[in-house]
Ligand SMILES: *Cc1c(COP(=O)(O)O)cnc(C)c1O
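Numbering (our numbering), first residue to last: 715 to 1155.
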């Protein structure tokens, strides 16, 4: 492993090395096959922005999901930015979003003059449920952005029935849910627009960064295609006389024909370059063939954890609608403080035992940028209670060895027994308590 020269980089490296079971930044596993296609691509001398691999990756993705349109972009964040663009949000429109997510799910909304309504989550699944969604709908509600938290699908059939009744567009943030299933169908096909991330922490990666937008609507797919490839997102009309006809230049000397053969009416957005490069797409094609196996391994690890946790009253695991396939991007369980198990202390004990812990996700509405827009504590009491008192994530990653999984299991068992018996915390663990998050006031 290469050490970063910066002090923060070395510090982080040193910290990760000190854990028997690090919570890996790497969520996906790359191997010889990926290295092989990269070497082949580079040696071929092919144009690395050419699009051959990109189109093939998108075709495989469409096939995997059974969805008519899939357009790759450079990250999950960009996918969400573009998806939100498609909503054509106007002053006073309202968008309902979950607070239990990574900030990218809602962040683009800061750029619009809209009212954001954070929707409290269900304490069992950590997802937005149909009742919570319906209770926030007004005549101005334009869209719902939901997340299949950790890879556990939301209860989509009733949610979509409500959305259809009110003419609300639904965006699925599927960053955790590639490889999951809801009643035999895949996230990204359950609503209007699906957004995926191929960041290195996700279920598959396109070499570090990447994303995908899935759609059913041809017009929207055309808009996404323009936005991501430096065309203005506008209403175009066929020109009566193309400029090409009025110049002596050969057509091949000109830029691609579209700009010269079409007139431009209403411009909605200037577009950007969010094109996924060929090496990323080439790796994506390989990763997609491994997806089911990678998720199978995640599921196997998750089942092992669930077996241990089942022995402890006061502990429950994240659960959702049936029948679903949980993609286990995250493994989440909850402790009940009334049972004597205190979350912060439990996390500190695990940390002191060499199991690196990370908590996901700080409720979005309490971040400074949303507080500055008049959101505050008390808005989503369930999400707040879960995050500040109950929620725990364990390392769950297909790159973990059997030995590491066994170590998590035995240490989890040990520390839960210590919690139940209220054994005093060790000094090493006590030190870690200081670094734990507290509810900001
Ligand atoms: C990772 C993630 C994103 C953003 O994806 P990037 O590819 O990292 O930009 C969006 N939403 C959720 C829920 C995520 O976990």
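For glycine and all other residues, C-beta sits at the position ideal for the given N, C-alpha and C.
CB contact flag (residue 801, residue 929, <9 Å): Reading the chain shown from its first residue, position 87 is the one you call residue 801. Reading the chain shown from its first residue, position 215 is the one you call residue 929. In this structure, residue 929 does not lie closer than 9 Å to residue 801 by Cβ.
Quick one: what's got a C-beta closer than 6 Å to residue 1020's C-beta in the same chain, skipping five residues either side? As a position in the chain shown, residue 1020 is number 306, starting the count at 1. The answer, listed in chain order, is 1031.
Where do the N-terminal and C-terminal ends of the beta strand (DSSP E) with residue 900 fall, by residue? On the chain shown, position 186 is the one that residue 900 refers to. Counting along the chain, residue 900 falls outside any beta strand (DSSP E), and DSSP gives it neither H nor E.
Quick one, which of 1076, 1024, 822 and 753 has its alpha-carbon nearest residue 1126's? The residue you call residue 1126 lines up with position 412 of the chain shown. Measuring from the Cα of residue 1126, the nearest candidate turns out to be 1024.
Which of the three DSSP states, helix, strand or coil, is assigned to residue 792? Counting from one through the chain shown, the residue named residue 792 turns up at place 78. Residue 792: helix per DSSP, three-state reduction.
Could you say if the segment 842-862 and the segment 875-895 meet the contact criterion of at least three C-beta pairs nearer than 8 Å? yes
Rounded C-beta distance between residue 811 and residue 820? I'm assuming under 8 Å. The residue you call residue 811 lines up with position 97 of the chain shown. The residue you call residue 820 lines up with position 106 of the chain shown. Confirmed, about 5 Å.
In the DSSP output, what is residue 1028 paired with across the bridge? Position 314 of the chain shown, counted from the start, is the residue given in the question as residue 1028. Answer by DSSP bridge pairing: none, since residue 1028 is not bridged.
For residue 733, which of 1063, 804 and 1138 has the nearest alpha-carbon? Taking the first residue of the chain shown as position 1, residue 733 is located at position 19. Per the Cα distances, 1063.
State the CB to CB distance for the pair residue 911 and residue 789, rounded to an integer number of angstroms; the pair is presumed to be in contact (CB under 8 Å). Position 197 of the chain shown, counted from the start, is the residue given in the question as residue 911. Position 75 of the chain shown, counted from the start, is the residue given in the question as residue 789. Confirmed, about 7 Å.
Give the range of the alpha helix (DSSP H) segment to which residue 774 is assigned. Start at 1 with the first residue of the chain shown, and residue 774 comes out as number 60. First-last of the alpha helix (DSSP H) with residue 774: 766-779.
Scan the segment 1014-1089 and note each continuous alpha helix (DSSP H) run of 4 residues or more that stays entirely inside, going in chain order. 1057-1066 and 1082-1085
Quick check: the segment 988-1003 against the segment 752-769, are there 3 or more CB pairs under 8 Å? yes
Residue 794 and residue 887 closer than 9 Å at C-beta: Taking the first residue of the chain shown as position 1, residue 794 is located at position 80. Taking the first residue of the chain shown as position 1, residue 887 is located at position 173. Yes, the pair counts as a contact, with Cβ atoms nearer than the cut-off.
Helix, strand or coil for residue 1105? Go by DSSP, reduced to three states. The residue labelled residue 1105 in the question sits at position 391 within the chain shown. Reduced to three states, the DSSP call for residue 1105 is strand.
Ligand 1 and residue 743: does the residue's C-beta get closer than 8 Å to at least one heavy atom of that ligand? On the chain shown, residue 743 is found 29 positions in, with the first residue counted as 1. Flag unset: Cβ of residue 743 not near ligand 1.
Near residue 1016, what residues of its chain come up, given a Cβ to Cβ distance below 8 Å and the 5 sequence neighbours on each side ignored? As a position in the chain shown, residue 1016 is number 302, starting the count at 1. Answer for residue 1016: 1040, 1042, 1045 and 1110, listed in chain order.
Residue 925 lies in the beta strand (DSSP E); which residues open and close that run? Reading the chain shown from its first residue, position 211 is the one you call residue 925. Its beta strand (DSSP E) spans residues 925-929.
What first and last residue would you give for the alpha helix (DSSP H) that runs through residue 758? The residue you call residue 758 lines up with position 44 of the chain shown. Element bounds for residue 758: 746-758.
Proximity test, residue 818 beta-carbon vs ligand 2 heavy atom, cut-off 8 Å: This structure lacks ligand 2; the ligands present are ligand 1.
Is there at least one non-hydrogen atom of ligand 1 closer than 8 Å to the beta-carbon of residue 856? As a working mapping, residue 856 is identified with position 142 in the chain shown. Because no heavy atom of ligand 1 lies under 8 Å away, the Cβ of residue 856 does not count as near it: no.
Residue 814 versus residue 780: straight-line alpha-carbon distance, rounded: The count along the chain shown starts at 1 and reaches residue 814 at position 100. The count along the chain shown starts at 1 and reaches residue 780 at position 66. Rounded to whole angstroms, residue 814 to residue 780 spans 28 Å at the Cα level.
Pull up the distance between the alpha-carbon of residue 766 and that of residue 772, whole angstroms please. Walking along the chain shown from the start, residue 766 turns up at place 52. Walking along the chain shown from the start, residue 772 turns up at place 58. Spanning the two alpha carbons is a distance of roughly 10 Å.
Length of the line joining the Cα atoms of residue 946 and residue 1084: The residue given as residue 946 occupies position 232 in the chain shown. The residue given as residue 1084 occupies position 370 in the chain shown. Near 30 Å, if we compare the C-alpha coordinates of residue 1084 and residue 946.
When DSSP labels each residue in this structure, what does residue 806 get in the three-state scheme? Counted from its first residue, the chain shown places residue 806 at position 92. Residue state, collapsed to three classes: coil.
Exposure of residue 805, with buried meaning 16 or more beta-carbon neighbours within 10 Å: Position 91 of the chain shown holds residue 805. Exposed, since its Cβ has fewer than 16 Cβ neighbours within 10 Å.
Taking only three categories from DSSP, how would you classify residue 835? Within the chain shown, numbered from 1, the residue matching residue 835 stands at position 121. Of the three classes helix, strand and coil, the one that applies to residue 835 here is coil, per DSSP.
beta-carbon residue 923 near ligand 1 non-hydrogen atom, thresh 8 Å: Position 209 of the chain shown, counted from the start, is the residue given in the question as residue 923. Under cutoff, so the answer is yes.
Please determine whether the Cβ atom of residue 909 lies at a distance below 8 Å from any heavy atom of ligand 1. Here residue 909 refers to the residue found at position 195 of the chain shown. Yes; taking the cut-off as 8 Å, the Cβ of residue 909 has a heavy atom of ligand 1 nearer than that.
Using 8 Å as the cut-off, classify the Cβ of residue 912 as near or not near the heavy atoms of ligand 1, replying yes or no. By one-based count along the chain shown, residue 912 stands at place 198. Checking the Cβ of residue 912 against ligand 1 gives yes.
Do residue 854 and residue 829 have their C-beta atoms closer together than 9 Å? Indexing the chain shown from 1 puts residue 854 at position 140. Indexing the chain shown from 1 puts residue 829 at position 115. Their beta carbons are under 9 Å apart, which means residue 854 touches residue 829 by this criterion.
Validate contact between the segment 1048-1064 and the segment 1083-1099 using beta carbons, cut 8 Å, 3 pairs: no
Given residue 737, which residues of its chain have a CB within under 6 Å of its CB, disregarding the five upstream and five downstream residues? Residue numbering aside, residue 737 sits at position 23 when the chain shown is read from its first letter. 1070, 1072 and 1109, listed in sequence order.
DSSP on residue 1153, reduced to helix/strand/coil? Position 439 of the chain shown, counted from the first residue, corresponds to residue 1153. In this predicted model, residue 1153 has a pLDDT of only 34, less than 50, meaning its place in the structure is not dependable; the value taken from the coordinates is given anyway. Here residue 1153 sits in coil by DSSP.
Curious, which full-length beta strand (DSSP E) runs of at least 3 residues does the segment 842-906 contain? 855-861 and 883-887
Name the DSSP bridge partner or partners of residue 952? Stepping through the chain shown from its first residue, residue 952 is reached at position 238. Residue 952 is bridged to 976.
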